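Position 118 of the sequence shown, counting from 1, maps to 118 under the UniProt record's numbering, and the rest follow consecutively.
Heads up, the beta-carbon is just placed ideally off N, CA and C, and yes, glycines get one too.
Everything numeric in this text was worked out from a predicted model, so none of it was measured.
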Amino acid sequence: MEFDKYADSYSEDLKNSIPAGLRTIEYFSTYKVKLARQLAGNKPKCILDFGCGVGQCSQYLVRDFAGSQIFGFDVSEESLAIARERLPQASFSAEWNEIANRKYDLIFTSNVFHHIDPQDHILWLGRLKDQLNPDGCLVIFEHNPVNPLTRMVFRRCIFDQDAVMIGQANFLKLAKAAGFNKRASKYTLFFPGPLKVLAPLERFIGWLPLGAQYYLALKSD
Ligand SMILES: C[S@@+](CC[C@H](N)C(=O)[O-])C[C@H]1O[C@@H](n2cnc3c(N)ncnc32)[C@H](O)[C@@H]1O
């Protein structure tokens with residue numbers, strides 16, 4: 001699997017793609033998990049990090065959802081080996097059948113779909129939909145292709161070379177085609193490091209297509 005070769009250097013490669021002073025990878029991951037907490041509503045008991053890689057976001061899911069069961073799925077076994085070592089309290093698998101044994105209250109996925117062959121987007125969205133509990137929520141974070149800084153980081157990132165960003169409007173069409181209903185969709189991560197004092201303004205401008213990323217919160221009913 002493609003990400004096997006990046007497993008050992010994943011965090012370093014990601015750091016190197018972000019110019020100094022913008023934001024740290026820890027900032028991005030903690031921010032997304034915090035947003036997912038707000039979007040998930042009632043305390044989710046069972047959480048899946050879809051495309052968890054080496055556990056960069058899973059570590060904050062474990063930390064911020066104390067008492068919840070955390071599972072991670074990825075197609076890269078080498079990445080999962082690192083995630084398992086890092087987070088023995090969570091369960092990781094590359095076997096979809098194992099993951100599909102249970103239902104989840106929250107499925108979290110960060111920067112994964114642009115690495116999936118576009119022909120398989122609906123297939124994977126359908127699989128995720130099947131694994132959601134009736135009140136469950138799928139929270140997707142993706143790059144915003146319109147943001148110039150995102151485009152720059154994307155170009156610099158060694159493991160994004162073959163990836164194709166998906167705009168928010170297109171992702172909403174995919175979600176609809178897969179049978180999801182929208183709970184929320186917003187642009188996010190507007191303010192790089194030097195403008196961080198403005199971060200509280202973000203909740204008023206989620207409609208503005210200039211954030212570095214966007215999120216979709218989807219439900220299956
Ligand atoms: C850029 S990394 C993101 C990792 C992690 N979510 C994060 O935010 O750091 C993309 C991950 O998606 C995984 N991936 C690619 N295709 C996948 C698929 N069909 N199912 C699950 N994971 C997949 C890759 O193996 C890789 O670990």
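Between the Cα of residue i and those of the options, spot the shortest distance and give me the residue it belongs to.
i      : options                        : result
Gly67  : Gln213, Ala90, Glu77 and Ala83 : Ala90
Asn97  : Phe65, Leu87 and Leu128        : Leu128
Ser185 : Phe141, Ser220 and Met152      : Phe141
Leu149 : Gln213, Val62 and Thr109       : Gln213
Pro134 : Pro118, Leu172 and Ser220      : Ser220
Glu85  : Glu95, Gly55, Tyr27 and Phe159 : Gly55
Between the beta-carbon of residue i and the beta-carbon of residue j, is there less than 8 angstroms?
i      : j      : result
Ala40  : Leu138 : no
Ala7   : Ser79  : yes
Gln69  : Lys103 : no
Phe71  : Ala83  : no
Tyr10  : Val33  : no
Val75  : Met165 : no
Pro192 : Leu14  : no
Phe113 : Gly53  : no
Cys57  : Phe108 : yes
Leu210 : Tyr187 : yes
Ile18  : Val197 : no
Leu195 : Phe28  : no
Ala94  : Glu77  : yes
Residue i CB to nearest chain B CB: under 8 angstroms?
i      : result
Val197 : Protein chain content of the structure displayed is limited to a single chain, and chain B is not contained in it.
Three-state secondary structure (DSSP) at residue i?
i      : result
Thr24  : coil
Val112 : coil
Phe191 : coil
Ser185 : strand
Leu48  : strand
Please look up how many angstroms separate the CB atoms of residue i and residue j, rounded, as I've assumed it's under 8 angstroms.
i      : j      : result
Asn144 : Gln168 : 7 angstroms
Phe48  : Phe73  : The sequence given here has Leu at residue 48, not Phe. Indeed, because the Cβ distance is near 6 angstroms, the residues count as touching under 8 angstroms.
Leu125 : Asn181 : Not confirmed; about 13 angstroms, so no contact.
Ala178 : Ile122 : 5 angstroms
If you scan the segment 61–102 from start to end, which runs of the beta strand (DSSP E) of 3 or more residues do you find wholly inside it?
69–73 and 91–93
In chain order, each beta strand (DSSP E) run of at least 3 residues that lies wholly inside the segment 122–162
132–143
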